[in-house]
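So the structure is just underneath, and the comments pick up after that.
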Amino acid sequence: MMSSFYYLTLECDPSGCFVLHTKACVRLPDVALRVFIGTFYHPRDALLTAKNRKVNTKPCRECLKDICR
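Sequential numbering of the sequence shown, starting at 608, is according to the numbering used here.
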């Protein structure tokens, strides 16, 4: 399994949540509107790290649909 780079939006979406994305996501915001969270082998680890920074974080429905609830 390969690791991936993960980014968190700096602005909330309309529902009031920050959104976690992978580097390859088509919805990844511009570099000025995101922060690098880290490199992880599993997206759930990236989500836990992102939630430690911003409690109201959710995974992107495009690139992280496997962990969306």
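Virtual Cβ for every residue (Gly too), placed ideally from N, Cα, C.
Within its own chain, the residues whose Cβ lies closer than 6 Å to the Cβ of Lys661, once the five positions on either side in sequence are excluded, are Phe625, listed in chain order. Between Leu617 and Pro666, the gap from beta carbon to beta carbon reaches 8 Å or more. The criterion of a C-beta distance shorter than 8 Å is satisfied by Ala657 and Thr664. A residue is called buried when at least 16 other Cβ atoms come within 10 angstroms of its Cβ; Arg651 does not meet this threshold and is exposed.
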